[in-house]
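**Student:**
Protein chains: 2
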Amino acid sequence: MTDRLAELTKRLLEIDDIERAAAVLGWDQMTYMPQGGNQGRGEQLATLASLAHERLVSPEFGDVLRAFAEEVRGAPEGDVRHALLRTVQRAYDQATKLPQELVARQMRLTTEAYESWVAARAAKDFSVFAPAFAKMVDLSREIAEALGYPEESYDALLDLSEPGMTTKVAADLLGELKASLVPLVEAIAEHKERVDRSILYGHFADETQWRLGLEAITAFGFDFSRGRQDRSIHPFTTSFGVGDVRITTRISEDTFASAFFSTLHEGGHGLYEQGLPAEWARTPLGQAISSGVHESQSRLWENLVGRSRPFWRYFLPKAQAAFPSQFGQVSVEDIYRAVNYVEPSLIRVDADEVTYNLHIAVRFEVERALMRGELAARDVPEAWRAKMQEYLGVVPPDDLVGALQDIHWTGGLGGFIGYSVGNVVSAQVWEAAGRTIGDLPERIAQGDFAPLLGFLRRELHQLGSRETTDGFLRKATGQGLTTRPYLAYIEGKFSELYGL
Amino acid sequence: MTDRLAELTKRLLEIDDIERAAAVLGWDQMTYMPQGGNQGRGEQLATLASLAHERLVSPEFGDVLRAFAEEVRGAPEGDVRHALLRTVQRAYDQATKLPQELVARQMRLTTEAYESWVAARAAKDFSVFAPAFAKMVDLSREIAEALGYPEESYDALLDLSEPGMTTKVAADLLGELKASLVPLVEAIAEHKERVDRSILYGHFADETQWRLGLEAITAFGFDFSRGRQDRSIHPFTTSFGVGDVRITTRISEDTFASAFFSTLHEGGHGLYEQGLPAEWARTPLGQAISSGVHESQSRLWENLVGRSRPFWRYFLPKAQAAFPSQFGQVSVEDIYRAVNYVEPSLIRVDADEVTYNLHIAVRFEVERALMRGELAARDVPEAWRAKMQEYLGVVPPDDLVGALQDIHWTGGLGGFIGYSVGNVVSAQVWEAAGRTIGDLPERIAQGDFAPLLGFLRRELHQLGSRETTDGFLRKATGQGLTTRPYLAYIEGKFSELYGL
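Here the protein sequences line up with chains A and B, keeping their order.
Residue numbers for the first sequence follow the numbering used here, beginning at 881 and rising by one.
Residue numbers for the second sequence follow the numbering used here, beginning at 881 and rising by one.
#1: Put residue 1221 of chain A into one of helix, strand or coil per three-state DSSP.
#2: Looking at residue 1101 of chain B: is its Cβ nearer than 8 Å to the Cβ of residue 1329 of chain B?
#3: At what residues does the alpha helix (DSSP H) containing residue 996 of chain B begin and finish?
#4: For residue 1111 of chain A, which beta-bridge partners are listed by DSSP?
#5: Residue 1165 of chain B and residue 964 of chain B: beta carbons closer than 8 Å?
#6: Using a Cβ distance threshold of 8 Å, determine whether the stretch 1328-1344 of chain B contacts the stretch 1200-1217 of chain B, with at least three qualifying pairs required.
#7: Report the neighbours of residue 904 of chain A on chain B: residues whose CB is nearer than 7 Å to its CB, in chain order.
#8: Looking only at its own chain, which residues have a Cβ that is under 8 Å from the Cβ of residue 1348 of chain A, when we skip the five neighbours before and after it?
#9: In chain A, which residues lie with their C-beta within 7 Å of the C-beta of residue 901 of chain B?
#10: Check whether the Cβ atoms of residue 1116 of chain B and residue 903 of chain B sit closer than 8 Å, and answer yes or no.
#11: What does a CB cutoff of less than 7 Å around residue 1113 of chain B pick up in its chain, not counting 5 residues either side in sequence?
#12: Answer yes or no: does any C-beta atom of chain B fall closer than 8 Å to that of residue 1124 of chain A?
#13: Excluding five sequence neighbours on each side, which residues of the same chain lie with their C-beta closer than 6 Å to the C-beta of residue 951 of chain A?
#14: Please work out which residues of its chain come closer than 8 Å, Cβ to Cβ, to residue 1235 of chain B, disregarding the five sequence neighbours upstream and downstream, and give them in chain order.
#15: Are any of the Cβ atoms in chain B nearer than 8 Å to that of residue 898 of chain A?
#16: Start and end of the alpha helix (DSSP H) containing residue 1170 of chain A?
#17: Using the C-alpha atoms, what's the distance from residue 1206 of chain A back to residue 1039 of chain A?
#18: Please list, in chain order, the chain A residues whose beta carbon lies closer than 7 Å to that of residue 931 of chain B.
#19: Taking the alpha carbon of residue 960 of chain A as the point to measure from, which residue in A:1276, A:1067, A:1163 has its own alpha carbon closest?
#20: Do we get a CB-CB distance below 8 Å when we pair residue 1200 of chain A with the residues of chain B?
#21: State the Cα-Cα distance for the pair residue 990 of chain B and residue 1295 of chain B, rounded to the nearest angstrom.
#22: Start and end of the beta strand (DSSP E) containing residue 1119 of chain A?
#23: Using a Cβ-Cβ distance cut-off of 8 Å, determine whether residue 914 of chain A contacts chain B.
#24: Any chance you could list the alpha helix (DSSP H) runs of at least 4 consecutive residues sitting entirely within the stretch 1183-1251 of chain B, in chain order?
#25: First and last residue of the alpha helix (DSSP H) that includes residue 1013 of chain A?
#26: Which runs of the alpha helix (DSSP H) fall wholly inside the stretch 1031-1101 of chain A and span at least 4 residues, in chain order?
#27: Can you give me the C-alpha to C-alpha distance between residue 895 of chain B and residue 1228 of chain A, rounded to a whole angstrom?
#28: Please identify, using Cβ separations under 8 Å, the residues of the stretch 1090-1115 of chain B that lie next to chain A, in order along the chain.
#29: Name the DSSP beta bridge partners of residue 1135 of chain A, please?
#30: From residue 897 of chain A to residue 1199 of chain A, what distance separates their C-alpha atoms?
#31: Taking only beta-carbon positions, decide if residue 1191 of chain B is within less than 8 Å of chain A.
#32: Need the endpoints of the alpha helix (DSSP H) that residue 936 of chain B sits in, please.
#33: My guess is that residue 1188 of chain A and residue 1306 of chain A are in contact by the Cβ rule of under 8 Å, so how many angstroms apart are they, rounded?
#34: DSSP state of residue 905 of chain B, grouped into three classes?
#35: Which residues of the stretch 975-998 of chain A have a Cβ closer than 7 Å to any Cβ of chain B? Give them in chain order.
#36: For a quick check, are the C-beta atoms of residue 944 of chain B and residue 891 of chain B less than 8 Å apart?
Here it is as structure tokens:
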């Protein structure tokens, strides 16, 4: 390790320690913290965020980074230091381009927007939220101007969670998805009766559900000596380092699928975090490539594995042993069909594989129009209803199950595209894994997930951010981001399921 | 608020946020963290500790503190700023007197000493630990020299947890306790058969024990909207602010008393933390006076309340409802006697009210001799055995249940005196509470703990560190630290119990 690299690393480790400490506080806030802790926790988190930010934007850090950049300029192509420089430079640029005053304003506005969002939800009326949201749109434009962008201001927001993503690329991607999925949804809606999911409803004891979810992700390879699952209202994954990855779930005893697939989903995120390269731990290079690539891992384990026939050939006997009265007489085919029931619905987080991306398209197009000034905040519900009707054939009866359903907009715009990137990437990676592992379905049917996890570890997890999304996809799958494998997978699977 | 106070407070709040964040990380480490988190957590905690330390010893902090001190010089006596200055000055002096190099050396040596302590425990042989411990004694002397002391170097170590405590005062206190307790222990040992505790052993379901402990401290006034109980190997209390106080316990199904009294004990610590003054939260003035005063609150609820006849008049029906087969036929007198069984034993943490302070006397005298150079580290087991024989009439068969039993020495010397201060103060406060609340026993027998908690809130908790130990005791009880109420309580209670 060179002196300049050592000097840079020392500073990166300290910043990472502060950020991971904040992650622990955030995890506790969502899992165990009593209500009385709210105020103090907010203050502690604000102090930690400002400490980490201060350190990143300090003139000393800038000097160290410039010296390192100079050194790297002479390094051979492929030297890992190029990738480290890229990831650190990106974090540094983002932090330095956004004035502290703007960040503070965003934090205050987020609190204000959250409060008015809660009030609007109580009133089931978007117009209560609209004034604060209008300010948030203005602020999002201001942030975009501060960050800069290639073509239009929305690019800057997309880039925050998906490095390199532009509005044009995202619009094309969603356009391709819409072109195939909208007619598929219509066709399925005409044959709803062909799939029955009633076996998933009844009474499923909490503790048994908990155990069964853990059994599945243990089989996937989630390492419980380096992680754990707890309960929270909204499931999430967070990491305090490669040795300590936390996932959460919530259980409803009325249905089997909700908690089970939530555990598979978060377990997929967790497997990615546990597989990140320990040698670059505590630096940006040791982190996931993007939100979308992260989502590809949760979707892969939840959907491509968890909602497949081979998986249920392996897992049904375990589900039957756990819930004999509910699943005793159920066949693999029964449960495979039940967990793949498709229904155009109003709520994104409950959406199935076919309809999910259409929810993202609604939000993306509304956000883009807002950023371009072509849509006013107060007119969002109308645009929302029109797009829901057009893409999904359903219209929310009120804003609670319409434009007020997601919390995301209380913090700003641009956070949705990763979900669709994740879906698309999951199928690209899955297809490549299938080519590499000739007998992948048989392995899964035998409960042997090691070849699949090995592939993901090798082709993605262990890279950290050494490659970009595009670079990793080209190496692992032979192609950049493309909707083809995803659409082939969805059309094949659901045409067969619904007999189209 | 003056400008100088505002400037000082701003810095104190930031330091407190960092320290509370570290407390959250420490809590998680002891409760939920998977094994794989060890290394990362150590790094995060080290970074937070160094951030807090840096900020406290910075020249800017020194300037702000000096400016504030100047302002306070002119303030009227009794102005709260005097107390704030005293507490902040103390923290600042301690931090600035100890060179970073010395602190870092102590941290490294603690790791080394811990490892050799673990190895020594495996070998049941103190000589394995002695070399590292000898270094720790040397380092403790170095720390004492850096901090300064009035008479002998051990004073400096005692002062760290008990502000103002000196070796002489501690030796006198323990001397008085020994003079009364050693003969009492001997007398009781001759009449062991007069108290039977067999009803406390059997099978007590984990979840029922958990619920019963919570029921007791809920009745005491522990506010679960501002705190919670979790599980850990060793019970402890930690606070992330007055709105979020965490206690822990561990449950063995073989016995009732262990977890129950542990919950009462930690609940007592927790009540103190929840009662600290919110208006001085996040400053040293908003914190507990000392370890010993903290211990007085845990001991008061555990022993003076929890091991009393009135408490069991109130609580026995609840314990009977929870454990009908075990306690159905038990009388108040039966359980009162059982939970007050006295037995000279080898392990401090299992010691009863009568013998506890004698364990402290052993450690205190060994430590003092080490600090004075009158005893070598390798000779500790011999001195230990001699003192155990003299004070308790029992001798450890090996070092595992002798000089290796406590983890404290892996981190340095001086941490034990607070336990005896706590016992003594608990009885002083109890006596004063009884004078103020004429019908205290009746209130307790009715499950009405509000008058007692109100007294503690008013006379101690809400003060924070506005008073010293001595100052608070004089105001609340009319006297400084004195063993008289404690010895009167112990002698009265146990003479009656054992028919002496």
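Where a beta carbon is used, it is the ideal one built from N, C-alpha and C, also for glycine.
**Tutor:** Well, looking at it:
#1: Walking along the first sequence from the start, residue 1221 of chain A turns up at place 341. In this structure, residue 1221 of chain A counts as coil in the three-state DSSP scheme.
#2: Position 221 of the second sequence, counted from the first residue, corresponds to residue 1101 of chain B. Position 449 of the second sequence, counted from the first residue, corresponds to residue 1329 of chain B. Yes, these two residues count as a Cβ contact at 8 Å.
#3: What you label residue 996 of chain B is simply residue 116 of the second sequence in a count that begins at 1. Counting along the chain, the alpha helix (DSSP H) containing residue 996 of chain B begins and ends at 980-1003.
#4: To locate residue 1111 of chain A, count along the first sequence from 1; it is residue 231. Paired residue(s): A:1129.
#5: The residue labelled residue 1165 of chain B in the question sits at position 285 within the second sequence. The residue labelled residue 964 of chain B in the question sits at position 84 within the second sequence. The answer is yes: Cβ separation under 8 Å.
#6: no
#7: Translated into the one-based positions of the first sequence, residue 904 of chain A becomes position 24. By Cβ distance, chain B contributes 904, 905, 908.
#8: To locate residue 1348 of chain A, count along the first sequence from 1; it is residue 468. Excluding positions up to five away in sequence, the list reads 1043, 1044, 1169.
#9: In the second sequence, residue 901 of chain B corresponds to position 21, counting from 1. Going along chain A in sequence order, the residues near residue 901 of chain B (Cβ under 7 Å) are 901, 905, 924, 928.
#10: Within the second sequence, residue 1116 of chain B is the residue found at index 236, counting from 1. Within the second sequence, residue 903 of chain B is the residue found at index 23, counting from 1. Not a contact, by the Cβ cut-off of 8 Å.
#11: In the second sequence, residue 1113 of chain B corresponds to position 233, counting from 1. Excluding residues within five positions, the ones whose Cβ falls inside 7 Å are 1130.
#12: Stepping through the first sequence from its first residue, residue 1124 of chain A is reached at position 244. Chain B, which has a Cβ nearer than 8 Å to the Cβ of residue 1124 of chain A, makes this yes.
#13: The sequence position of residue 951 of chain A within the first sequence is 71, counting from 1. For residue 951 of chain A, where only same-chain residues beyond five positions count, the Cβ hits under 6 Å are 884.
#14: Start at 1 with the first residue of the second sequence, and residue 1235 of chain B comes out as number 355. These residues qualify, in order along the chain: 1061, 1065, 1222, 1223, 1224, 1225, 1272.
#15: As a working mapping, residue 898 of chain A is identified with position 18 in the first sequence. So, interface residue.
#16: Sequence index remark: in the first sequence, residue 1170 of chain A carries index 290 (1-based). No alpha helix (DSSP H) contains residue 1170 of chain A, which DSSP labels as neither H nor E.
#17: For the purposes of this step, residue 1039 of chain A is taken as residue 159 along the first sequence, with counting starting at 1. For the purposes of this step, residue 1206 of chain A is taken as residue 326 along the first sequence, with counting starting at 1. Approximately 46 Å between the Cα atoms of the pair.
#18: Taking the first residue of the second sequence as 1, we reach residue 931 of chain B at position 51. Within 7 Å Cβ-Cβ: 931.
#19: Here residue 960 of chain A refers to the residue found at position 80 when the first sequence is read from its first residue. Comparing Cα positions, the closest option is A:1163.
#20: Position 320 of the first sequence holds residue 1200 of chain A. No, no contact with chain B.
#21: In the second sequence, the residue the question calls residue 990 of chain B occupies position 110. In the second sequence, the residue the question calls residue 1295 of chain B occupies position 415. Computed Cα separation, rounded: 14 Å.
#22: What you label residue 1119 of chain A is simply residue 239 of the first sequence in a count that begins at 1. Per DSSP, residue 1119 of chain A belongs to the beta strand (DSSP E) from 1117-1119.
#23: Mapped onto the first sequence, residue 914 of chain A falls at position 34. Yes - at least one Cβ of chain B is within 8 Å of the one on residue 914 of chain A.
#24: 1189-1202, 1204-1207, 1212-1218, 1236-1251
#25: Numbered from its first residue, the first sequence carries residue 1013 of chain A at position 133. Here the alpha helix (DSSP H) through residue 1013 of chain A covers 1006-1027.
#26: 1033-1041, 1047-1069, 1086-1100
#27: In the second sequence, counting from the first residue as 1, residue 895 of chain B sits at position 15. In the first sequence, counting from the first residue as 1, residue 1228 of chain A sits at position 348. Their backbone Cα atoms lie some 42 Å apart in a straight line.
#28: 1103, 1104, 1105, 1106, 1107, 1108, 1110
#29: Position 255 of the first sequence, counting from 1, holds the residue named residue 1135 of chain A. Bridge partners of residue 1135 of chain A: A:1081.
#30: The residue labelled residue 897 of chain A in the question sits at position 17 within the first sequence. The residue labelled residue 1199 of chain A in the question sits at position 319 within the first sequence. The straight-line gap from Cα to Cα measures roughly 41 Å.
#31: As a working mapping, residue 1191 of chain B is identified with position 311 in the second sequence. It does not; no Cβ of chain A falls within 8 Å.
#32: Looking up residue 936 of chain B in the second sequence gives position 56. Per DSSP, residue 936 of chain B belongs to the alpha helix (DSSP H) from 918-937.
#33: Taking the first residue of the first sequence as 1, we reach residue 1188 of chain A at position 308. Taking the first residue of the first sequence as 1, we reach residue 1306 of chain A at position 426. No, residue 1188 of chain A and residue 1306 of chain A are not in contact; Cβ-Cβ is about 12 Å, not under 8 Å.
#34: Here residue 905 of chain B corresponds to residue number 25 of the second sequence, with the count starting at 1. Reduced to three states, the DSSP call for residue 905 of chain B is helix.
#35: none
#36: Counting from 1 along the second sequence, the entry for residue 944 of chain B is found at position 64. Counting from 1 along the second sequence, the entry for residue 891 of chain B is found at position 11. Yes, Cβ-Cβ distance for residue 944 of chain B and residue 891 of chain B is below 8 Å.
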